[in-house]
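S.K.:
2 protein chains.
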Amino acid sequence: MLVEDIGEFDLINRLVGSIEARNQQFASALAEAGAILDLGIGDDAASWSLAGDAVATTDTMVDGVHFIADQIGWGDLGYKAIATNQSDIAAMGCMPTFALITLGLRGDLSVENLEEMYAGMADACEQSGGMIAGGDIVKSPVFFIAVGLEGMTAANGPLMRRDSAKPGDLIGVTGHLGCSGGGLRLLMDGTASESDDRAHLTSAHWRPTPRIAEGTALNSLGVRSAMDISDGLLDDLGKLCRASGVGATVQAGQVPADAPLKSAFPDDWLSLALGGGEDYELLFTAPEAIMERAVRGLDTPVSVIGNIREGWPSVEVLDEAGAPMEVTSGGWDHFARTRKATRLEFQEA
Amino acid sequence: MLVEDIGEFDLINRLVGSIEARNQQFASALAEAGAILDLGIGDDAASWSLAGDAVATTDTMVDGVHFIADQIGWGDLGYKAIATNQSDIAAMGCMPTFALITLGLRGDLSVENLEEMYAGMADACEQSGGMIAGGDIVKSPVFFIAVGLEGMTAANGPLMRRDSAKPGDLIGVTGHLGCSGGGLRLLMDGTASESDDRAHLTSAHWRPTPRIAEGTALNSLGVRSAMDISDGLLDDLGKLCRASGVGATVQAGQVPADAPLKSAFPDDWLSLALGGGEDYELLFTAPEAIMERAVRGLDTPVSVIGNIREGWPSVEVLDEAGAPMEVTSGGWDHFARTRKATRLEFQEA
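From first to last, the protein sequence lines stand for chains A and B.
Residue numbers for the first sequence follow numbering that gives the first Met the number 0, beginning at 0 and rising by one.
Residue numbers for the second sequence follow numbering that gives the first Met the number 0, beginning at 0 and rising by one.
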């Protein structure tokens, strides 16, 4: 069945109906945490109350720019559209609450595919929190998904911000880097399904895990400076440095990459870990004492990869002998006519 | 200068910079009202605290579907993208607070035009409240603007909802209807600039006035059932009836239309007032005693146009002799292959 066969209002009813039972469970979980939905889908606006302050982010995926509709799994697409926003909430040290979903749809899209996409959105809510509380469906010659997601502070101190890194801070990252970028490369090469290791990399690309628990834990431990890694470690660290007016030194030998990435990309794994993008791990800085607590206190591995220093915003990378490495931190910019970096197409800005 | 010439990050800085002083004024006004911005544009998420509960809506405009980029004033486009969302907040009886703006941009769009669009967005905030607190810019083969807008309850009773109309309620509307639909028709005929009356109609189309003060006043007077008129009186009244499980009778002779509309469309003004769409007036229902207070209490004219009755959701229109009129309430649906109504292209869903 196609979108143009049933029209906007029936489509909304079908999509919303397909996840209604799960959405009610999510609402109950949020209510227990102090985020109470008073009015959901179907009116001019949704309404809710929060026990803490609000944080809000929005992130959009456009067909042909951030994904290719003919090549994706629809469930993965829905999952990722939510997860990228949950990751921004995690980076503030907060928990996801209520999402508004805008769909720009061509009439020839399949309703069943969109239902699968909604199931993927519910998967992301089930895994990392939050629920769909409303949205908008419009006709568009190009398919896009715009998600607005609100979160709630954990009410235990200032938010983690990009502009709060201080000289002397150590730099930490959660988990492993480069898997998503590696997975994307395998997908584009058509070699993604050749082994379990490769499936691990493509899964990192399509079903990244937002670091919600890690973000709130870091915030509770006193971390005040963080962001999520969406455009690649070096690019995002550059943004954090610019926002904070500091420089950074990264020890390449400390950058965490896992065995499947090294196995699939024996020559390129470091460049993927430094610049691959879409890792959705947390990048944060903190004084040494707090960083030690973070390394010990989180279940997820935390790697200390360098330090923040005085000086004009710049990021330098040192090899294991302490010599500066030549790297293209790039800066993924969909609009620039020429690209500094050798990043792959179809990554998110 | 084109978008592709300066890239995403410079573009954000230019657009945000172009309204920064005005945005700070808006933040001060919001803070006085109890909506305090803690962290604005530039981090993974914005953050705020509200003295009341939150309401949130989202509304999107797509080039070629809801407007034609070559034919619009860019300031009007920005104004309207915000105003349509403010109107949804007004319909709940609330005040606008913080907006997140998503722009899907082609690289060949003019930066100066986008700055003009941002100025129009600031105009809407200045007139009706709220401010831009964050957003996202992505590359897209079709230009679109998705606005997510949050509001705050006035904390004086339940929200105004679509599902709360009761048999015996009277039906009220603010202001006059049909001007926006008439203005659109003039714009498409190329006869919009022929007189002041016609300028009034096109202005109603491009710079509609969200009924913020009216919405909060109605809510304070005890009105519990309302929505804004975006798809046309009869279509939207049909939605309100379906949500509430009631029927409605409209007296055509009571439907408010102003002199410029009647003058420009001596034969069609009633059909424009009943179905033209994009009026962004408030449609509400209330028991007689509350309706009387609304008619007396608002500075903006309130017209009582009919009543809510028991029965299967349906809307009937009676002429001045009390005879049922044949009307196409339509239901504007961008996806349907056949259209029931005779509505114009390029109106919003």
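Every residue gets a Cβ at the ideal spot worked out from N, C-alpha and C, and that includes glycine.
Closer than 7 Å, CB to CB, is V245/A near chain B or not?
M.R.: No, because no Cβ of chain B sits closer than 7 Å to the Cβ of V245/A.
S.K.: Could you check how far apart the C-beta atoms of I307/B and A247/B are, in whole angstroms? I think they sit under 8 Å.
M.R.: With 8 Å as the limit, I307/B and A247/B qualify as a contact, their Cβ atoms being about 6 Å apart.
S.K.: Since I88/B meets chain A, which of its residues come closer than 9 Å, beta carbon to beta carbon?
M.R.: D43 and A44, listed in chain order.
S.K.: Could you pull out every residue in the same chain whose Cβ sits closer than 6 Å to the Cβ of A34/B, ignoring the five residues on either side in sequence?
M.R.: Hits under 6 Å: L49, T96 and M151.
S.K.: Quick check: what's the CA-CA separation for M187/B versus A263/B?
M.R.: Each residue's alpha carbon lies about 14 Å from the other.
S.K.: DSSP on S313/A, reduced to helix/strand/coil?
M.R.: Looking at S313/A - three-state DSSP - the assignment turns out to be coil, as it is neither helix nor strand.
S.K.: Rounded to the nearest angstrom, what separates R206/B and H175/B at their Cα positions?
M.R.: In a straight line, the C-alpha of R206/B is about 14 Å away from that of H175/B.
S.K.: For a contact defined as C-beta to C-beta under 8 Å, what are the partners of M91/B on chain A?
M.R.: Going along chain A in sequence order, the residues near M91/B (Cβ under 8 Å) are D42, D43, A44 and S46.
S.K.: Would you mind sorting G16/B into buried or exposed? The rule is 16 or more other CB atoms within 10 Å of its CB.
M.R.: It is exposed - the Cβ of G16/B has fewer than 16 other Cβ atoms within 10 Å.
S.K.: Reducing DSSP to helix, strand and coil, say where A55/B ends up.
M.R.: Strand at A55/B.
S.K.: Between which two residues does the beta strand (DSSP E) containing K138/A stretch?
M.R.: First-last of the beta strand (DSSP E) with K138/A: M130 to K138.
S.K.: When the Cα atoms are used, what is the spatial distance from Y279/B to L217/A?
M.R.: Cα to Cα, Y279/B sits roughly 46 Å from L217/A.
S.K.: Is there a C-beta anywhere in chain A that falls below 7 Å from the one on A55/B?
M.R.: Yes - at least one Cβ of chain A is within 7 Å of the one on A55/B.
S.K.: Along the chain, where does the beta strand (DSSP E) that runs through S224/B open and close?
M.R.: Start and end: S224 to D227.
S.K.: Quick one, which residues of the region 5–20 of chain A are near chain B if we go by CB-CB under 8 Å, in chain order?
M.R.: Flagged, chain order: I5, G6, E7, F8 and L10.
S.K.: Where does E347/A fall in DSSP's three states?
M.R.: Because the pLDDT at E347/A is just 31, under 50, the model does not fix this residue reliably, and the value given afterwards should be weighed accordingly. In this structure, E347/A counts as coil in the three-state DSSP scheme.
S.K.: Which residues in the same chain as P255/B place their Cβ atom closer than 8 Å to its Cβ, once the five residues preceding and following it in sequence are excluded?
M.R.: Counting only Cβ-Cβ distances below 8 Å, and skipping sequence neighbours, we find V172, G174, H175, L176, A272, P300, S302 and I304.
S.K.: With C-beta atoms as the reference, is L220/A less than 7 Å away from R292/A?
M.R.: It is a contact, given that the beta carbons lie within the stated cut-off.
S.K.: Are any of the Cβ atoms in chain B nearer than 7 Å to that of V141/A?
M.R.: Yes, contact with chain B.
S.K.: Compute the Euclidean distance between the alpha carbons of W73/B and V110/B, then round it to the nearest angstrom.
M.R.: The straight-line gap from Cα to Cα measures roughly 11 Å.
S.K.: Would DSSP call Q70/A helix, strand or coil?
M.R.: Of the three classes helix, strand and coil, the one that applies to Q70/A here is coil, per DSSP.
S.K.: Under the three-state reduction of DSSP, which class applies to E277/A: helix, strand or coil?
M.R.: Note: E277/A maps to coil in three-state DSSP.
S.K.: List the residues of chain D that D75/A touches, going by C-beta distances under 7 Å, in chain order.
M.R.: Considering every chain present, this structure includes no chain D. Its protein chains are A and B.
S.K.: For A242/B, which residues in chain A fall below 9 Å Cβ to Cβ?
M.R.: The contacting residues are G41 and D42.
S.K.: Does any residue of chain A bring its CB to less than 7 Å from the CB of A145/B?
M.R.: A145/B counts as touching chain A.
S.K.: Are the CB atoms of A55/A and T101/B nearer to each other than 7 Å?
M.R.: No, the pair does not count as a contact, with Cβ atoms beyond the cut-off.
S.K.: Can you tell me the Cα-Cα spacing of L281/A and S179/A, whole angstroms?
M.R.: Cα to Cα, the separation comes out at about 14 Å.
S.K.: Tell me which same chain residues have a C-beta within less than 7 Å of the C-beta of A80/A, skipping the five on either side of it?
M.R.: Answer for A80/A: M60, M120, I144 and V146, listed in chain order.
S.K.: For E114/A, I'd like the list of residues in its chain whose CB is within less than 6 Å of its CB, leaving aside the five on either flank, ordered along the chain.
M.R.: Hits under 6 Å: S17.
S.K.: Skipping 5 residues on each side, what residues in its chain have a beta carbon closer than 8 Å to that of D62/A?
M.R.: Result list for D62/A: A68, V141, F142 and F143, in chain order.
S.K.: For A340/B and G231/B, I'd like the C-alpha separation in whole angstroms.
M.R.: Because the pLDDT of A340/B is 32, which lies under 50, any placement of that residue in the model is unreliable, and the number read from its coordinates should be weighed accordingly. Answer to the nearest angstrom: the Cα atoms are 11 Å apart.
S.K.: Helix, strand or coil, according to DSSP, for G182/B in the structure here?
M.R.: Note: G182/B maps to helix in three-state DSSP.
S.K.: Pull out every residue of the region 147–163 of chain A whose Cβ sits closer than 8 Å to any Cβ of chain B, in chain order.
M.R.: Cβ contacts with chain B come from G147, E149, G150, T152, L158, R160, R161 and D162.
S.K.: Do you know how far the Cα of A225/A is from the Cα of E19/A?
M.R.: So the two alpha carbons sit approximately 34 Å from each other.
S.K.: Give me, in chain order, the residues of the same chain whose beta-carbon lies closer than 7 Å to that of Q250/A; leave out the 5 immediate sequence neighbours on both sides.
M.R.: Cβ neighbours of Q250/A beyond the five flanking positions: I304, G305 and L317.
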